[in-house]
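Novice:
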Amino acid sequence: MSTTQSQATTVYRRDYQPYPFELLTVELFFDLQPQHTIVKSKLHFKAKQAQACDLVLNGENIELQSIHCNQQALGTEQYDLQGDLLTITAMQGEFVLEICNSCNPSTNSNLMGLYISQGQFFTQCEAEGFRRITFFPDRPDVMSIYTVTMQADKAQFPYLLSNGNLVSQRELEHGRHEAVWHDPFAKPSYLFALVAGDFDVRETTTQTKSGKEVLLQVYTDKGSGKQSLWALQSLERALKWDEKRFNLELDLDRFMIVAVRDFNMGAMENKGLNIFNAAYVLATPETSTDQNFIGVEDVIGHEYFHNWSGNRVTCRDWFQLSLKEGLTVFREQEFSADIRARGLDDTAAQSARAVKRIEDVNLLRMAQFPEDASPMAHPIRPDSYEEIGNFYTATVYEKGAEVIRMQHTLLGEAGFQQGIANYFHTFDGQAVTCDDFLETMQAVYKEQHPGKDLAVFRHWYSQAGTPRVEVTLNYDKAAQTCEITLQQSCDLVGVEKRRQDFHKQPFHIPFKLGLLDAQGQALSFELAGQTQQEVLLELKQAQETWTLNAVKSAPIPSLLRDFSAPVVVEYDYSDSDLAVLASHDSNHFTRWQALQELLTSTTLALAEEFASDSANPDSHSIKPEIFRIWQATLQDQQLDPAYKACLLSLPSLRILLEQMRQADPQALVAAHQLLQQTLAKQFSQAYWAILQAHEPERAYSPDPISVGKRRLRQQALKMLMSIEHPEAQVYSQTLFKNHNNMTDGITALSAITDYGPEDVRSHALARFFEHWQHDALVIDKWFAIQASSPSVSLAQAEALMAHPAFNIRNPNRARSLLFQFCMNNMQNFHHKNGEGYEFWADQVLYLNQINPEVAARLARCLDNWKRYAQPYRDAMHKAIQRVASANNLSRNVHEIISKALEIYIYSKETICLRKRSHNF
Ligand code: B3K
Ligand code: ZN
C-alpha cells in the first residue's frame, strides 16, 4: 500500500482540536539503505480521555509493512489507510504501537523527509516532513522523548547522527555499524533529524555560564573542513550572546551543525542537530563575500536562538509559526546589531546599528510590503492555509520580527527581558500560541502602565496589510505649540476582502518622533510637563492629536524614528525640509529615510515621464537638493563608510516598483538609470577619489568598518562603470586580476558583467569559471551575477540553463539562475512581449514535478500582476493561467496560483468582494 500527497483543502486556525493522545516515548529504528530504508517505530501512547477514540496518524509517500499494538499484529480490518491518513479505530488507555514501513530516500527530490544529497542521508521535517519518514501524529503539539537507533554501512556512512546525546555505538556484521541517540528534551516531530555520511569535523569545547562544558561541532563534506572556522566561531559567539543579552543557556551537552549541499532553505533548528544549507556554513575570505560572512553568522545565530524560542517553547499549531519565527528573527537582528557595534565608540556603534536597521527595513519593504499588498497577504498569524510550506513568508518572519520589536519598544529592554524570562518560565516544554506570548508581555506592560493594556496591539496578529499613517502638523508661532495629528488607515487585503464578517480595526502604533529647526538643530518641546527632544507616541485609535508645547520655532518633524512601526508614513514634506533632515537629523534612520524620499519621488516622477512617452525626460527633472546632499555626503569625512554607503544608495528597483501607481518596469529601469548616470557624471571625481584612496588590505576581515569601506568602493565602481568611465574600466580589470578576497573579486566581476565591454566581460566570466569550477558556492555566484545583470537577456539566461554546471535539482543553483533572473533582472525579465513570463511559467511547471516547495517560491514572482500597467498585466495573466490549467499541480503551487488569480475554494466564507480602501 502506498500513500501520496492529497488534494488541496483549506485548513483553518479556528478548527484546532487538541490531539486526543499523549505520546510518552518514541523509539525509532532505521536500517539506512539509499533505495530502501526500513523504519520501525515504537510509540507509547496514553489516551487523554476515558472513552475510546480513533488514533489518526499521518503518512505520505511511504510503504506500510506492518502494525502491531501491544505486540499483537493488526489485521487490515483493524486499521484504515486512506490517502495520507492511517486510522486505528477505537483506541483506549495506554498502549504501544509498533509500525514498520519503508521509504526510498534516493528518489526523494523534494528534499522533505529523508533524502540523499551527494550520497549522504539527511532529513528535513519542518513543517510536515516527518510523515514522509514514518506514520506519526505529525503536528507540533504532540511532543515526546525520542530514542533513535541507526544502522548503516560503516565505510560509506562512518558518522551516524541524531538529536541529543550519543548513547552507544557498535560494530555489526557485513561492514555495518550502529549508533543510538537519546534526546532528553520532549520535542515535536518537526525537530527530529538524522544524518548519515562521511564528513570533515571541526569542533571546540566551551563553558556555559553555569560552568557546564559543552561540545560544539561543525560537520562539512569531505574537503570543506577548512571552510568552517567562521561558522564555529559564529556559533560560539551566538552561545555567549544569548547568555549575556537573554540569560539563556545551552541546555545540551553537545550542539552539532551539519552542512548539506541540497537544501530548500537556509537552515533548520533540529534539536541539537542543526542542518544547514552549505551556503550558510562555509566561509573563507577567498571564496566568500562580506555578505556571505554576515549571512553565515546571522543564520547560525538564528538557528541557535531557536533552541529556546522554538524548541524549548514551541508552537501549538502552524498558524502560530510567527511565535517562534518572528521572535527568533528579532533575536537574530539584535545579535547582528550587537556584534557589529561591539568594540566601537558610541558614535560608530550607533552608526553600525543604524546600518543593520536600514538593511532590515529595506528587506521588509522589498519582500514584505509587496506581499502585504498581494493576494497572498496574510496576518503574521494566518487564519487559513492550503499548504503550510507556503507560509514561511516575509510576513511571518520579517513583519513578525517587527511586531516583536514594537513590543520591545513599548516595554523597553528591561521590561521586554522580564517578559521573555516569564514566557520561558511559564511555558517551558510546552506548545503554545501567539496569544500566550502576548499575554505574558502584556502583564509586564500593565505593571509599567497602570490602566493601559495591549488589547489594540493584538490586531497586529489578526490583520494583514501595511497601515498608512497620515501626519498633519499645526504650528502656532505665538503660542509656541505644535499640534500633531496621526491618522491611520489600512486597506483590506487578501482574504480580508472576501470575508463579510471581517471589520478592520486600528493598530497600536508606537510612533517615535523628534523635531528639528530650520537649521537642522534638535528642537526641544514639552509634553506631559517634561522637556524632551524625542517622544514615543502610542497611536491606538483611527486618529489622535497631541500638543507639544514650548516649541521655539517652526519645526521640521523627524517621523517614525528608527522605523518604530512597520507602516508607511504620509506627510507633505517640502523638498527643502527633506534636505534639512537628510543633512542633519541626529537619528541615523530618519536621516537616511529623508534622502530616500527625495530620491524616490524624483525617480518615480521620471518613471511617469518615461511611461507616458509624451515627454523626453532628462536630468533637469532631478531635484536640486539631491545634488547638494550628494556632494556634502561624499565629502563628509566624519561619516562611517558603511553608513555613508547607505546614504548614497539609490532605492532598489523592487522597492520603487511597489510604489508606482501602475508598475511599469521598463519605465522605472530607464528612470533609475538616468538618475544613476546623472549622479555618476556629476560626482565622477569624488567617486574616483574613493577608488583611489583605497589601499589593498593585507588581511581580510569581515568587521563592520572594513565591510563598510568595501561597500562604498563597490558603489563607487558601479557608478563609474555605469557611465563607462575609462579609468574605472581599467580599475575593474586590475581589481579582477589582483583581488585577494572574494568580495573584491565579485565587486570587479559584477561591475564588468553589468557594464564592461563584451570582450572583457566574456573573458572575465570564463576565467572566473575556470578558476572556481570545483567550488559550488562560488559557481552559484557566477550564475547569479549573470542572471541578475542588465546585460544578460532572456536568451542568454536560457543558454546558461544549458551550461553543464547548471542543475535545476539543486535549490541553490536553481535560485542563483532562475530566481535571480525572474526577481532581480527587471530589465530583461519584464519584456513587453511577455516572453519572460512564459519562461517563468515553464520553470514553475518543471520545478513543480521535482520540488514543489521551490516551485511555489518561484511561482510567487507574479503575485502582484494586477498592479502592473499594460501590456505587462495581460501577459502575466496569460502565463499564470497557463500554469493554473496544468495537470498535477502540487498543493504548494496550486495555492499560490489560485490565490494570484483570486480563485478561492472557501467553503466556510461568503464570497463577496469588498471595497479596497478602508479607513476604520
Ligand atoms: N524553521 C526553519 C524553516 C523551515 C521551513 C520549512 N519549509 C528555518 C528557520 O526559520 O530557522
Ligand atoms: Zn527560524
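Convert by adding 338 to the 1-based position in the sequence shown; the result is the number in the working numbering. We put the CB at the ideal spot given by N, CA and C, even for glycine.
Identify the continuous beta strand (DSSP E) that holds Pro848 and give its terminal residues.
Specialist: Segment Ile847 to Leu854, the beta strand (DSSP E) holding Pro848.
Novice: So, for Asp900: in the same chain, excluding its five sequence neighbours on each side, which residues have a beta-carbon less than 7 Å away from its beta-carbon?
Specialist: The answer, listed in chain order, is Arg695, Lys850, Asn925 and Phe927.
Novice: Please list, in chain order, all residues of the same chain as Ile400 whose beta carbon is under 6 Å from its beta carbon, the five residues on each side excluded.
Specialist: Closer than 6 Å at Cβ, skipping near neighbours: Asn439 and Cys441.
Novice: Cutting at 6 Å between CB atoms, please list the residues of its own chain near Ser404, excluding the five before and the five after it.
Specialist: Excluding residues within five positions, the ones whose Cβ falls inside 6 Å are Cys438.
Novice: Measuring only from the beta carbon, is Thr731 closer than 8 Å to any heavy atom that is part of the ligand ZN?
Specialist: Thr731: no, Cβ never under 8 Å from the ligand ZN.
Novice: Thinking C-alpha only, which one of Thr375, Ser891 and Arg806 is nearest Ala880?
Specialist: When only C-alpha atoms are compared, the closest one is Arg806.
Novice: Measuring CB to CB, does Pro1091 end up less than 9 Å from Ser1039?
Specialist: The displayed chain sequence assigns Thr, not Pro, to residue 1091. Going by C-beta atoms, Thr1091 is not nearer than 9 Å to Ser1039.
Novice: Which stretch, first to last residue, makes up the beta strand (DSSP E) that contains Asn812?
Specialist: Segment Arg806 to Asp814, the beta strand (DSSP E) holding Asn812.
Novice: With 16 as the cutoff for other CB atoms within 10 Å, does Ala1075 come out buried or exposed?
Specialist: Contrary to the premise, residue 1075 reads as Lys rather than Ala in this sequence. When all chains shown are included, Lys1075 counts as exposed.
Novice: Following the continuous alpha helix (DSSP H) through Trp968, name the residue where it begins and the one where it ends.
Specialist: Taken as a continuous stretch (DSSP letters only), the alpha helix (DSSP H) holding Trp968 covers Pro962 to Gln973.
Novice: Thinking just about the alpha-carbon of each residue, which of Gly535, Val552 and Asp536 is nearest to the one in Thr318?
Specialist: In the structure as shown, the chain starts at 339 and stops at 1258, and residue 318 therefore has no counterpart that could be examined.
Novice: Identify the residues that DSSP records as bridge partners of Pro478: which are they?
Specialist: Answer is none; Pro478 lacks a bridge partner.
Novice: So does His787 have its beta carbon nearer than 8 Å to some heavy atom of the ligand ZN?
Specialist: Result no, Cβ not under 8 Å from the ligand ZN.
Novice: Where Arg1211 and Lys1204 are concerned, what is the direct C-alpha to C-alpha distance, given to the nearest angstrom?
Specialist: Computed Cα separation, rounded: 6 Å.
Novice: Please report the distance separating the alpha-carbon of Gly738 from that of Ser660.
Specialist: When rounded, the distance between both Cα atoms is 6 Å.
Novice: Per DSSP, what kind of secondary structure is Val1231 in: helix, strand or coil?
Specialist: The answer is helix: DSSP assigns Val1231 an H, G or I state.
Novice: Could you check whether Ala945 and Tyr911 sit closer than 9 Å to each other, using their CB atoms as the reference points?
Specialist: It is not a contact, given that the beta carbons lie outside the stated cut-off.
Novice: Go through the segment 1080-1109 residue by residue and report every complete run of the beta strand (DSSP E) that reaches 3 residues or more, in order.
Specialist: Segments of the beta strand (DSSP E) lying fully in the segment 1080-1109: there are none.
Novice: Reducing DSSP to helix, strand and coil, say where Gln555 ends up.
Specialist: If DSSP states are grouped into helix, strand and coil, Gln555 belongs with the strands.
Novice: Which term fits Gln871, buried or exposed, when burial requires 16 or more other beta carbons within 10 angstroms of its beta carbon?
Specialist: That one is exposed.
Novice: What is the rounded straight-line gap between the Cα of Arg1105 and the Cα of Arg1099?
Specialist: So the alpha carbons of these two residues sit roughly 10 Å apart.
Novice: In whole angstroms, what separates the C-alpha of Glu555 from that of Ser572?
Specialist: First, the residue type needs correcting, since residue 555 is Gln and not Glu in the sequence shown. Answer to the nearest angstrom: the Cα atoms are 12 Å apart.
Novice: In whole angstroms, what separates the C-alpha of Ile726 from that of Thr348?
Specialist: Straight-line Cα distance between these residues: approximately 10 Å.
Novice: Measuring from the CB of Lys878, is there a heavy atom of the ligand ZN at a distance below 8 Å?
Specialist: False, no ligand heavy atom lies under 8 Å from that Cβ.
Novice: Just the Cα atoms here: how many angstroms apart are Asp392 and Ile426?
Specialist: C-alpha separation (whole angstroms): 6 Å.
Novice: Measuring only the C-alpha atoms, how far is Leu1138 from Asp978?
Specialist: Cα to Cα, the separation comes out at about 39 Å.
Novice: Going by the beta-carbon positions, is the gap between Glu1233 and Glu724 smaller than 9 Å?
Specialist: Yes. Within cutoff.
Novice: Residues in the same chain with beta-carbon distance under 6 Å from Asp913, minus the five sequence neighbours each way, listed in chain order, please.
Specialist: These residues qualify, in order along the chain: Lys961 and Glu963.
Novice: Whole beta strand (DSSP E) runs in the segment 892-943 with 3 or more residues, listed along the chain?
Specialist: The segment 892-943 contains these whole beta strand (DSSP E) runs: 894-897 and 906-908.
Novice: How many Å lie between Glu511 and Phe495 at the Cα?
Specialist: Roughly 15 Å separates the two Cα atoms.
Novice: Go ahead and pull the three-state DSSP assignment for Asn612.
Specialist: DSSP places Asn612 in strand when its eight states are reduced to three.
Novice: Since I believe Met714 is in contact with Arg1198 (beta carbons under 8 Å), could you give me their beta-carbon distance rounded to a whole number of angstroms?
Specialist: Confirmed, Cβ separation roughly 7 Å.
Novice: Inspect the beta-carbon positions of Lys609 and Asp521 and report whether they are closer than 9 Å.
Specialist: Yes; because the gap between Cβ atoms is below 9 Å, this pair is in contact.
Novice: Are the Cβ atoms of Gln1158 and Ala1193 separated by less than 9 Å?
Specialist: No.
Novice: Identify whether Arg514 lies in helix, strand or coil by the three-state DSSP scheme.
Specialist: Arg514: strand per DSSP, three-state reduction.
Novice: Is Tyr528 near the ligand ZN, in the sense that its beta carbon is under 8 Å from a heavy atom of that ligand?
Specialist: Result no, Cβ not under 8 Å from the ligand ZN.
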